[in-house]
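Structure first, commentary second.
Numbering (this note's numbering), first residue to last: 8 to 181.
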């Protein structure tokens with residue numbers, strides 16, 4: 008008999024996705040503790056809240072969005088520092104010596120580039136973008152929006168073929 012194992016849970020492909028999945032599981036566990044069980048009005052039984060019900064009760068962005076938004080915000084601070092500051096030198100500097108064997112580890116600025124690409128910024132030079140505080144703040148705010156609104160931004164961008172422009176008060180297409 009040839010049997011195939013099918014997983015119900017979505018599998019994470021990269022180490023970053025695995026960590027994000029673990030953080031989401033932890034967040035849901037904490038929210039279930041906070042909000043407790045749901046009591047059925049008809050039968051009177053207590054049942055566990057589903058993920059969608061949890062996120063409907065807790066209207067703040069999920070923990071991953073919050074982490075990415077804070078990482079973008081602190082990257083903006085570091086990018087605006089002068090060249091004499093140690094944090095800026097670490098950000099733009101190149102370490103000396105040999106790298107270890109194997110796949111290169113992700114650097115902090117690689118994570119920043121991935122976070123920016125998720126909110127629609129695909130240009131390579133994000134340090135110059137960070138110099139304009141208003142534009143940078145708009146990208147950071149978009150990164151802290153719930154995932155459904157980010158999905159709507161990408162759908163608008165793909166359907167209309169328009170560029171997405173970030174304004175002071177939010178996102179607009181134009």
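Quick reminder that beta carbons are idealized off the backbone N, C-alpha and C, glycines included.
For clarity, every value in this text was computed on a predicted model and none was experimentally measured.
8 Å or more divides the Cβ of residue 126 from the Cβ of residue 80. Rounded to whole angstroms, the separation of the alpha carbons of residue 98 and residue 115 is 8 Å.
Residue state for residue 55 is assigned as coil, using DSSP reduced to three classes.
In this model, residue 61 and residue 72 are separated by some 16 Å (Cα to Cα). Judged by DSSP secondary structure, residue 109 falls outside any alpha helix (DSSP H); it is assigned neither H nor E. Distance between residue 90 and residue 101, taken at the CA atoms: about 14 Å.
A residue is called buried once 16 or more other Cβ atoms fall within 10 Å of its Cβ, and residue 149 is buried on that count. Contact check for residue 82 against residue 119 passes: the beta carbons are separated by less than 8 Å.
Note on geometry: alpha-carbon atoms of residue 88 and residue 124 lie some 23 Å from one another. Counting only residues of its own chain and dropping the five nearest sequence neighbours on each side, residue 46 has a CB closer than 6 Å to the CB of 53. Taking the C-beta atoms as reference points, residue 55 is found no nearer than 8 Å to residue 29.
By the Cβ-count criterion, residue 137 is buried, with 16 or more other Cβ atoms from all chains shown falling within 10 Å of its own Cβ. For residue 120, the enclosing alpha helix (DSSP H) begins and ends at 115-125. Judged by their CB atoms, residue 78 and residue 117 are not nearer to each other than the 8 Å cut-off. The continuous alpha helix (DSSP H) containing residue 34 extends over residues 22-42.
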